[in-house]
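J.: Okay, handing you the structure first.
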Ligand SMILES: Cc1cc2nc3c(=O)[nH]c(=O)nc-3n(C[C@H](O)[C@H](O)[C@H](O)COP(=O)(O)OP(=O)(O)OC[C@H]3O[C@@H](n4cnc5c(N)ncnc54)[C@H](O)[C@@H]3O)c2cc1C
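Residue numbers (the UniProt record's numbering): 1 to 158.
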């Protein structure tokens, strides 16, 4: 008798599980249960009219190790090789990070000098946020969100 497998959540993990199950010998009947109105979970892109792509979640694959190898293998099996943009460590895209705040891109500082200066969109050097972190008291919530953790330890602006 054919087994039925329910996969809960249509993010990349659930979709990968469905893909692997569907390819397995004696593939079961698969039911994917997704709670929201779209598949992809954290994978979510916005394309603007001028062609820019904003990733709300992940935008990179680390190719190292077994996990990276398996991911690239799946990319290849899905015929997506041509869509992969290799970005080596010395590429400007690897070195520069931007924050999109209030309709404008702000380059994040790199190196010690950038951390000691006030750089837009921050109102004071990030160095002070690092000092704030050292003096931050322990949290009292047993299950704190990442937002709350970062605000408490590095200040609300960060
Ligand atoms: C800002 C950001 C940047 C990131 N950058 C990278 C990166 O560059 N490279 C990288 O490898 N990783 C990156 N990550 C991590 C990566 O995005 C996640 O590890 C990955 O997307 C998690 O996928 P997932 O399927 O496990 O979970 P999710 O993407 O969270 O998907 C879970 C799905 O399950 C659904 N669901 C939840 N509960 C239920 C329920 N009870 N019933 C039915 N459906 C349910 C949700 O609606 C969702 O669709 C980043 C994450 C974030 C937030």
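Cβ coordinates follow ideal geometry from the N, Cα and C atoms, glycine included.
Values in this document were obtained by computation on a predicted structure and should not be read as measured data.
Under the criterion of a Cβ to heavy atom distance below 8 Å, does residue 15 qualify as lining ligand 1?
T.: Within the cutoff, so yes.
J.: What does the alpha-carbon distance come out to for the pair residue 3 and residue 29?
T.: Each residue's alpha carbon lies about 6 Å from the other.
J.: Straight-line CA distance for residue 41 to residue 17?
T.: Those two C-alpha atoms are separated by around 14 Å.
J.: Pick helix, strand or coil for residue 148, following the three-state DSSP scheme.
T.: Reduced to three states, the DSSP call for residue 148 is helix.
J.: By Cβ distance, which residues of its chain are closer than 6 Å to residue 151, with the 5 residues on each side in sequence left out?
T.: Excluding positions up to five away in sequence, the list is empty.
J.: Answer with buried or exposed for residue 99, where buried requires no fewer than 16 other C-beta atoms within 10 angstroms of its C-beta.
T.: Classification of residue 99: exposed, given that the 10 Å Cβ count is below 16.
J.: Per DSSP, what kind of secondary structure is residue 54 in: helix, strand or coil?
T.: Residue state, collapsed to three classes: strand.
J.: For residue 8, which residues does DSSP report across the bridge?
T.: For residue 8, which the question treats as bridged, DSSP gives the partners 33.
J.: Kindly identify the DSSP beta-bridge partner or partners of residue 107.
T.: Answer by DSSP bridge pairing, in chain order: 98.
J.: Going by DSSP, what residues sit across from residue 46 in a beta bridge?
T.: Residue 46 is bridged to 54.
J.: Residue 39 lies in the alpha helix (DSSP H); which residues open and close that run?
T.: That residue, residue 39, is in no alpha helix (DSSP H); it is neither H nor E in DSSP.
J.: Considering only the alpha carbon of each residue, which of 103, 101, 107 lies closest to residue 92?
T.: Among 103, 101, 107, the Cα nearest to that of residue 92 belongs to 107.
J.: For residue 16, name the three-state secondary structure that DSSP assigns.
T.: DSSP places residue 16 in helix when its eight states are reduced to three.
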